[in-house]
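Peer 1: Let me give you the structure first, and then I'll get to my questions.
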Amino acid sequence: MLRSIIVELCPNSVCGAVYWKEEKNTAHKYTKCCHDGKVQLPTFPDALELLKALLTENSPDAKNYRQRIREYNSAFAFASMGAQIKPPRGTGPYCYRLHGQVYHRVSPLYASDQHKESYGLALYI
């Protein structure tokens, strides 16, 4: 279960990054974002309203979500990712670069005739 849902904003007005209180460094500062205004970050769109509600409200659904957030995260760990791989030029180390939207593919819990050969959660039941 989460120790704390309380978040704070980076005190630098340029950044506006959101941190868990426990993310302060030993000098009690948030330094993983803009390094005291030395780095200018682009503005990001607001989180989805549903996600905001699940993280901040006291409704039964929101409480249930916060209690089981690790289980939901673990469920996506079993999902597979597909890609069109383009090998790098040269002899340097391979780097996996994502471009565009990322989707997780999860096959049905119980395979039908159509999905017999697909990877799925049935392997872990």
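Take 0 as the starting number for the sequence shown in numbering that gives the first Met the number 0 and just add one per residue. Virtual Cβ for every residue (Gly too), placed ideally from N, Cα, C. Keep in mind that this is a model prediction, so the values were computed, not measured.
1. Indicate the three-state DSSP secondary structure (helix, strand or coil) for isoleucine 124 in the structure shown.
2. Pick helix, strand or coil for glutamate 56, following the three-state DSSP scheme.
3. What are the boundary residues of the alpha helix (DSSP H) that tyrosine 71 is part of?
4. Give the straight-line distance between the Cα atoms of glycine 36 and arginine 69, rounded to the nearest whole angstrom.
5. Excluding the 5 residues preceding and the 5 following glutamine 39 in the sequence, name in chain order all residues of the same chain whose CB lies nearer than 6 Å to its CB.
6. If you check the beta carbons only, do glutamate 22 and lysine 28 fall under 8 Å apart?
7. Comparing C-alpha positions only, which one of Leu50, Cys9, Leu54, Pro44 sits nearest to cysteine 33?
8. Once the 5 residues before and after methionine 0 are set aside, which same chain residues still bring their CB inside 7 Å of it?
9. Here's a check: name, in chain order, each residue in its chain whose Cβ is nearer than 7 Å to the Cβ of valine 17, leaving out the five neighbours to either side.
10. Cutting at 7 Å between CB atoms, please list the residues of its own chain near glycine 15, excluding the five before and the five after it.
11. From what residue to what residue does the beta strand (DSSP E) around leucine 8 run?
Peer 2: Walking through what the data contain:
1. At isoleucine 124 the pLDDT is 45, less than 50, meaning the model places this residue with poor confidence; the figure from the coordinates comes in the next sentence. The DSSP-derived three-state label of isoleucine 124 is coil.
2. coil
3. 68-76
4. 33 Å
5. none
6. At the C-beta level, glutamate 22 and lysine 28 stay beyond 8 Å of one another.
7. Cys9
8. Any reading at methionine 0 needs caution, since the residue's pLDDT is 44, under 50, leaving its predicted position unreliable; the model's value is listed next. Once the five neighbours on either side are set aside, the close Cβ partners of methionine 0 are Gln66.
9. Val6, Leu8
10. Leu8, Cys9
11. 6-8
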